[in-house]
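J.:
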Amino acid sequence: MFKKNIVLTNLSHTFLTGFPLEVKSADQVLFFDIETTGLGWKRSVVYLIGAVHYKNSRWTLTQWFAETEDEEKEILMDFYLLADRKSYFIHYNGTSFDVPYLKQKYNFYQLSHPFTDKKQLDLYQKFIPLKKLFKLENMRQKDLESLLSYPRKDTFSGKELIQKYKEYLKNPTPELLELILLHNYDDLMGMIGLRPLFSFFQLLNGSWTIRKASIISTETYEGTEEPELLITLDLHVPLPFPFSVSKADYYLTGKDRQARIKSPVKDGTLKLYFPNYQDYYYLPLEDTAIHKSIGCYVDKEHRIKATPELCYQKFECTEEFLEDPKKLLRYVRGVLGVLEM
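Using the working numbering, the letters of the sequence shown correspond one by one to residues -15 to 325.
1. Could you name each continuous alpha helix (DSSP H) segment of 4 residues or more that falls completely within the segment 247 to 308, going from the start of the chain to the end?
2. Who does residue 16 pair with in a DSSP beta bridge?
3. Name the residue from -8, 182 and -2 whose alpha carbon lies nearest to the alpha carbon of residue 111.
4. Kindly list the residues whose CB is nearer than 7 Å to the CB of residue 232, restricted to its own chain and excluding five residues on each side of it in sequence; keep chain order.
5. Which first and last residues belong to the beta strand (DSSP E) in which residue 120 is found?
6. Taking DSSP as the reference, what is the three-state secondary structure of residue 112?
7. Could you tell me the distance, in whole angstroms, from the CA atom of residue 189 to the CA atom of residue 319?
8. Quick one: give me the first and last residue of the alpha helix (DSSP H) that residue 211 is part of.
9. Among the candidates 47, 78 and 244, whose CA atom is the shortest distance from the CA of residue 63?
10. Assuming residue 71 contacts residue 103 under a Cβ cut-off of 8 Å, what Cβ separation, rounded to an integer in Å, is found between them?
11. If you follow the beta strand (DSSP E) that residue 99 is part of, which residue opens it and which one closes it?
12. Could you tell me the distance, in whole angstroms, from the CA atom of residue 26 to the CA atom of residue 32?
13. Please name the residue in 75, 91 and 210 whose C-alpha comes closest to that of residue 105.
14. Whose C-beta lies closer than 7 Å to the C-beta of residue 275 among residues of the same chain, with five residues either side of it excluded?
15. Assuming contact is defined by CB atoms lying nearer than 7 Å, are residue 241 and residue 222 in contact in what I supplied?
16. Is the beta carbon of residue 211 less than 7 Å from the beta carbon of residue 199?
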């Protein structure tokens, strides 16, 4: 077994504050990622385990590498000695793959596994809402890394890395070893590097203050002037990169500590969207949504089930509305809810 420790001097002891953790003690947290020769545990081996942990007042990246397939048990045992002392695991899609795979391996060797009664944060599951927000085709870790321009040096996929490991088994060289370790290193550092993405959840969940709301005039493609509502938000947490999204006539942009929402004002009215669209009916003739507790009394021919895009009510965009913090807050939350769906 080959074991490597790298001290991560670029990580401060406080960097965990950006993660939504119930545990704030750094020495209780473990980031980890595994490399295997296949998806099925019976016909494959785990040949590399990497972990980032807090040790001797500094963050350290440790890698356990099986120089032969027979060393699989050895790296599992050594990883256990570290992992069992931790209470909080962080991984990317580990709920579906890494954790159940390792559990099966530990059971096969009649060893205790380190996952009993441990809390876990699966970044893949946590970031799923960002797929719709940023219109991502896939939710691979590399797709999220690209949003943040993470400087990954490794160029191989997990599948391609298996071939490199097989080459290493036939002809072990320092160059091949470093190539394999680099992939796992980039997976771990890329995982840690996703932390700034949590700031978008702060935006969606209301960690902001409304600075200003006003009616502006916007020129259309046809050259006419159309009124729009512009709401400026001061964000409590800065965004990692500028972004813009649009949906249902709404346009949201954000940069650093500020976000802006533009909404069309048609015939002097705005649309207020409601969450839980499943609880509403849409009335086409009235062009409005009503709660099912009331809509059940409407003739079935004049109502349909509401969709996220049709779950709204219209109201006048008056000066009173623009100066009412509570009404503006409710409106902004409704718009952000639509953009998130």
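We put the CB at the ideal spot given by N, CA and C, even for glycine.
T.: Taking the coordinates as given:
1. 276 to 279 and 303 to 306
2. One-based indexing of the sequence shown puts residue 16 at position 32. DSSP, once it has assigned bridges, lists 35 as partnering residue 16.
3. Indexing the sequence shown from 1 puts residue 111 at position 127. Of the candidates -8, 182 and -2, the one whose C-alpha sits nearest the C-alpha of residue 111 is 182.
4. In the sequence shown, the residue the question calls residue 232 occupies position 248. Excluding sequence neighbours, residue 232 sits near 293 and 322.
5. Counting from 1 along the sequence shown, the entry for residue 120 is found at position 136. Residue 120 -> no beta strand (DSSP E), and no H or E assigned at all.
6. As a working note, residue 112 is residue 128 in the sequence shown. Three-state DSSP puts residue 112 in coil, outside helix and strand.
7. Along the sequence shown, read from residue 1 onward, the residue named residue 189 stands at position 205. Along the sequence shown, read from residue 1 onward, the residue named residue 319 stands at position 335. Going from the Cα of residue 189 to the Cα of residue 319 covers about 12 Å.
8. Stepping through the sequence shown from its first residue, residue 211 is reached at position 227. From DSSP, residue 211 is part of no alpha helix (DSSP H) but of the beta strand (DSSP E) over 209 to 219.
9. In the sequence shown, residue 63 corresponds to position 79, counting from 1. Measuring from the Cα of residue 63, the nearest candidate turns out to be 47.
10. Stepping through the sequence shown from its first residue, residue 71 is reached at position 87. Stepping through the sequence shown from its first residue, residue 103 is reached at position 119. Sure, about 6 Å apart at Cβ, within 8 Å.
11. Here residue 99 is taken as the residue at index 115 of the sequence shown, counted from 1. Here residue 99 belongs to no beta strand (DSSP E), and DSSP marks it neither H nor E.
12. Along the sequence shown, read from residue 1 onward, the residue named residue 26 stands at position 42. Along the sequence shown, read from residue 1 onward, the residue named residue 32 stands at position 48. So the two alpha carbons sit approximately 17 Å from each other.
13. Translated into positions along the sequence shown, residue 105 becomes position 121. Among 75, 91 and 210, the Cα nearest to that of residue 105 belongs to 75.
14. Counting from 1 along the sequence shown, the entry for residue 275 is found at position 291. Here the set comprises 263 and 264.
15. On the sequence shown, position 257 is the one that residue 241 refers to. On the sequence shown, position 238 is the one that residue 222 refers to. Yes, the Cβ-Cβ distance between residue 241 and residue 222 is below 7 Å.
16. Position 227 of the sequence shown, counted from the first residue, corresponds to residue 211. Position 215 of the sequence shown, counted from the first residue, corresponds to residue 199. Remark: C-beta atoms of residue 211 and residue 199 approach each other more closely than 7 Å.
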